[in-house]
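Residue numbering for the sequence shown is 673 to 1292, as defined by the numbering used here.
All C-beta atoms, glycine included, are put in the ideal place defined by N, C-alpha and C.
Here the structure is a predicted model, which is why all the values come from computation and not from measurement.
Read the structure below first, then the notes.
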Amino acid sequence: MFPEYDIIVVGAGHAGCEAAAAAAKMGSKVLLATMNMNTIAQMSCNPAMGGVAKGQIVREIDALGGMSGIITDQTMIQFRMLNKSKGPAMWSPRAQSDRMRFAEAWRLTLEQTANVDFWQEMVSGIEVENGKAVGVRTSLGITIRGKAVILTNGTFLNGIIHIGEKQLGGGRAAEKSAKGITEQLVELGFEAGRMKTGTPPRVDGRSLDYSKMEEQYGDENPSKFSYTDTQPLAKQRSCYITYTNSEVHEILKTGFEKSPMFQGRIQGLGPRYCPSIEDKINRFADRDRHQIFVEPEGWSTVEVYVNGFSSSLPEDVQLKALRKIVGFENAKMFRPGYAIEYDFFPPTQLNLTLETKLVQNLYFAGQINGTTGYEEAACQGLMAAINAHNKINSKEPFILKRSEAYIGVLIDDLVNKGTDEPYRMFTSRAEHRILLRQDNADIRLTKLGYELGLADESRLKAVDKKIEETAEIIAYLNNKAIEPKDINSMLEEIGSAPIIEKQRAGQLIKRPNVEIEHIAKVVASVGEYLSKFKQESVEQAGIQVKYESYIEKEYSMAARMGELENYTIKGKINYRDIPALSKEAKEKLLKVEPETIGQASRISGVSPADISVLMVYLGK
673 MFPEYDIIVV
683 GAGHAGCEAA
693 AAAAKMGSKV
703 LLATMNMNTI
713 AQMSCNPAMG
723 GVAKGQIVRE
733 IDALGGMSGI
743 ITDQTMIQFR
753 MLNKSKGPAM
763 WSPRAQSDRM
773 RFAEAWRLTL
783 EQTANVDFWQ
793 EMVSGIEVEN
803 GKAVGVRTSL
813 GITIRGKAVI
823 LTNGTFLNGI
833 IHIGEKQLGG
843 GRAAEKSAKG
853 ITEQLVELGF
863 EAGRMKTGTP
873 PRVDGRSLDY
883 SKMEEQYGDE
893 NPSKFSYTDT
903 QPLAKQRSCY
913 ITYTNSEVHE
923 ILKTGFEKSP
933 MFQGRIQGLG
943 PRYCPSIEDK
953 INRFADRDRH
963 QIFVEPEGWS
973 TVEVYVNGFS
983 SSLPEDVQLK
993 ALRKIVGFEN
1003 AKMFRPGYAI
1013 EYDFFPPTQL
1023 NLTLETKLVQ
1033 NLYFAGQING
1043 TTGYEEAACQ
1053 GLMAAINAHN
1063 KINSKEPFIL
1073 KRSEAYIGVL
1083 IDDLVNKGTD
1093 EPYRMFTSRA
1103 EHRILLRQDN
1113 ADIRLTKLGY
1123 ELGLADESRL
1133 KAVDKKIEET
1143 AEIIAYLNNK
1153 AIEPKDINSM
1163 LEEIGSAPII
1173 EKQRAGQLIK
1183 RPNVEIEHIA
1193 KVVASVGEYL
1203 SKFKQESVEQ
1213 AGIQVKYESY
1223 IEKEYSMAAR
1233 MGELENYTIK
1243 GKINYRDIPA
1253 LSKEAKEKLL
1263 KVEPETIGQA
1273 SRISGVSPAD
1283 ISVLMVYLGK
């Protein structure tokens, strides 16, 4: 009935979609198995992509040749660049998406991708022969053969939905959970755990009074995610902000005795940085209000996402409390919020390629690894697909360093440190964030994507042109002399000291308050020169000039740290035989089995002293 596939992807969420698209682009014959073809790329939680650090990940996916940035650009309804008041290392793109169009665009893209087949049914097990994944089994008893399997099961593995005292089996509202895979993997020797996430109620936008709320507009000149020729938004939909209050909190507290979280019915840990509203008012009892973001779900639908009001309290308590929020006095609820508990597998059981250590050619990506967020899932799907394709074609693994991409930071954190709560990416997790900006993801990664067969030649040419233009602009700025009479009034206006003699434009841009745009506005010759170039090349030049010394220091630090990555650890080592290692280091090193000294140095519980001992032992 089925041919043998190169790669079978189980699950069609954000990780599964990126995995299927990438593997097929690279030339693998792919089967995408999902329980419901109508929920491919469903935005289960908020209808948005990007945000702090997450936006950088989407741009990295795009730079490598993935699809999330393109799909987002095609279907967004609002765009904002967050943290523009801070340095460029913190700038983070975020888009409000049209939920229905996003899912539709992903499905149509996959249907139009050569080498992708689909099968709608629950996968209940993995076919394993001689320690290697060779296919999957479905709930109908069908065996489908494949050279590699990527599991992207999201919240579906033994998922349980909690609403007050009610418990429903399911991986998402109105969708059944997946059975069989966890049990088989545990039998094979994998360690499993439970995690929890939640979602807020959805309400009817026609029942809200937006005049009582703060309107949140998109950027005046919206940008986009993809480095390709997708079009920026010509019009945008606003979001709104309102707040809870003490009356809302008191109503919510009446439901605590029926709360599955407070009564111990939920065993899994939830996301620390996206707590439920009941958790917020319990943990931050001194606060009399919490921010609520009122987010439309699309261009035309009246459905609204109540961001900041995630809850698993009884539905009547949720509605009663909602109606005490300013602007929500007459709110009609489409469905209540709920918590969902599901199985995950601690990611220390993976190699840096996302292949499992116990079973060859079996890869995990997304929430099965303990992460939370569409962006985190999508980049793992992309990386798992690249490595699965390379493995079955006897090619080298593809591993991004921490100094190369947020994707590298994420996977390195997961594999070396593990996680006991849903992992979310932040800029603070990256020690080289001045190098990992959203504006230079194409410069960092497109050549790698092209060499993999993911990014096409037109992308590479566009990056090469950007690099050439940037270098040309930098040379011009470092040589262009500016007269005091041309610039001093502008400098005084922005609170910067006037100059008393000619100064190079590049030196002026290094000042904290002075941007390349300021000089272009008041010095006609500079403005005329820069108008010949693409705006992104001008922006890139400005950043590189202003932060030159910081960038050089980061490259130097990354190079020093990278030296440890060159010290490989070959073969299996029984760390218990190294007496000078600490007991904790022995346990952690045996569990993770690092491939380099650099990787060993990042394992939680392995001290610098342990690394010194290890290097002596290995003769390094």
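- request: Return the bridge partner residues of Ile686 from the DSSP annotation.
  value: Note on residue identity: the sequence assigns His, not Ile, to residue 686. Paired residues: none, contrary to the question.
field: Reduced DSSP secondary structure (H/G/I, E/B, other) of Thr916
entry: Three-state DSSP puts Thr916 in coil, outside helix and strand.
- prompt: What's the call for Arg959, buried or exposed, on a 16-neighbour Cβ count within 10 Å?
  reply: Exposed, because fewer than 16 other Cβ atoms sit within 10 Å of the Cβ of Arg959.
- request: Express the C-alpha separation of Arg809 and Asn979 in angstroms, rounding to a whole number.
  value: C-alpha of Asn979 to C-alpha of Arg809: approximately 38 Å in a straight line.
message: Comparing C-alpha positions only, which one of Ala691, Met698, Asn718 sits nearest to Ala705?
response: Ranked by Cα distance from Ala705, the options Ala691, Met698, Asn718 are led by Ala691.
- prompt: Should Glu863 be flagged as near chain C, meaning a C-beta pair shorter than 8 Å?
  reply: In the displayed structure, chain C is absent; only one protein chain is listed.
field: N- and C-terminal bounds of the beta strand (DSSP E) containing Arg1274
entry: No beta strand (DSSP E) contains Arg1274, which DSSP labels as neither H nor E.
- prompt: With C-beta atoms as the reference, is Leu1024 less than 8 Å away from Tyr1035?
  reply: Not in contact: Leu1024 and Tyr1035 (Cβ atoms no closer than 8 Å).
field: Proximity of Gly1038 and Ala687 at Cβ, strictly below 8 Å
entry: Yes. Within cutoff.
C-beta contact flag for Gln768 and Cys911 at 8 Å: Cβ distance < 8 Å, so Gln768 and Cys911 count as in contact.
message: Across the stretch 1048-1067 and the stretch 1076-1088, are there enough close Cβ pairs to call them in contact, namely three or more that are closer than 8 Å?
response: Segments in contact, yes.
field: Span separating the alpha-carbon of Glu1265 from that of Leu857
entry: Distance between the alpha carbons of Glu1265 and Leu857 is about 20 Å.
query: Quick one, which of Leu994, Thr973, Val976, Val974 has its alpha-carbon nearest Ser983's?
result: The residue with the shortest Cα to Cα distance from Ser983 is Leu994.
query: How would you label Val1288, buried or exposed, when you count the other beta carbons within 10 angstroms and need 16 or more for buried?
result: Label assigned to Val1288: exposed.
field: Which listed residue (Glu801, Lys697, Ser849) has its alpha carbon closest to that of Gly683
entry: Closest by alpha carbon: Ser849.
- request: State the CB to CB distance for the pair Arg1096 and Gly1045, rounded to an integer number of angstroms; the pair is presumed to be in contact (CB under 8 Å).
  value: Contact annotation, Arg1096 with Gly1045: C-beta distance approximately 6 Å; criterion of less than 8 Å satisfied.
task: Give me whichever residues DSSP pairs with Ala618 in a beta bridge.
output: In the structure displayed, the chain extends from 673 to 1292; residue 618 sits before or after that span and is not available.
message: For the pair the stretch 784-801 and the stretch 698-716, tell me if three or more CB-CB distances fall below 8 Å.
response: Remark: three or more beta-carbon pairs, one from each stretch, lie closer than 8 Å, so the stretch 784-801 and the stretch 698-716 are flagged as touching.
message: Considering only DSSP beta bridges, list what Gln1175 is partnered with.
response: Beta-bridge pairing links Gln1175 to Ile1154.
- prompt: Where Lys1255 and Arg955 are concerned, what is the direct C-alpha to C-alpha distance, given to the nearest angstrom?
  reply: When rounded, the distance between both Cα atoms is 36 Å.
field: Assigned secondary structure, Phe928 (DSSP; H/G/I helix, E/B strand, else coil)
entry: Helix at Phe928.
Outcome for Gly1199 when other beta-carbon atoms lying within 10 angstroms are tallied against a minimum of 16: Label assigned to Gly1199: exposed.
- prompt: Cβ atoms of Asp1111 and Gln1212: under 8 Å apart, would you say?
  reply: Yes.
Trp778 to Ser1279 span [Cα, whole Å]: Near 45 Å, if we compare the C-alpha coordinates of Ser1279 and Trp778.
Among Arg909, Gln903, Asp881, nearest to Gln888 - alpha-carbon criterion: Nearest option by C-alpha distance: Arg909.
task: Would you tell me roughly how many angstroms separate the C-alpha atoms of Thr824 and Cys689, rounded to the nearest one?
output: Each residue's Cα considered, the two are about 9 Å apart.
field: Environment of Ala1169 [buried if 16+ CB atoms lie within 10 Å]
entry: By the neighbour-count rule (16 or more Cβ atoms within 10 Å), Ala1169 is not buried but exposed.
query: Given Asp1114, which residues of its chain have a CB within under 6 Å of its CB, disregarding the five upstream and five downstream residues?
result: For Asp1114, where only same-chain residues beyond five positions count, the Cβ hits under 6 Å are Ala735, Tyr899, Val1135.
query: Where does Met638 sit, in a helix, a strand or coil, going by DSSP?
result: A query on residue 638 cannot be resolved here, the shown segment of the chain reaching from 673 to 1292 and no further.
query: If you draw a straight line from the alpha carbon of Phe1098 to that of Glu1173, how long is it in whole angstroms?
result: For Phe1098 and Glu1173, the distance between alpha carbons rounds to 44 Å.
Spatial distance of Lys1206 from Leu905 (CA atoms): Taking the straight line from one Cα to the other gives about 18 Å.
- request: Could you tell me how far apart the beta carbons of Phe981 and Pro1094 are, in whole angstroms, since I believe they sit closer than 8 Å?
  value: Their Cβ separation, rounded to whole angstroms, is 18 Å, which puts Phe981 and Pro1094 out of contact at 8 Å.
Residue from Ala1252, Gly870, His1190 whose Cα sits closest to the Cα of Pro933: This sequence places Met at residue 933; Pro is not what is there. It is Gly870 whose Cα lies nearest to the Cα of Met933.
query: Going by the beta-carbon positions, is the gap between Met715 and Phe774 smaller than 8 Å?
result: In terms of Cβ geometry, Met715 and Phe774 form a close pair [threshold 8 Å].
field: Residue ranges of each beta strand (DSSP E) within the stretch 981-1019, 3 or longer
entry: If we require 3 residues or more, the beta strand (DSSP E) runs fully inside the stretch 981-1019 come out as 1005-1007, 1010-1016.
- prompt: According to DSSP, what are the bridge partners of Val978?
  reply: In the DSSP assignment, Val978 forms a beta bridge with Val966.
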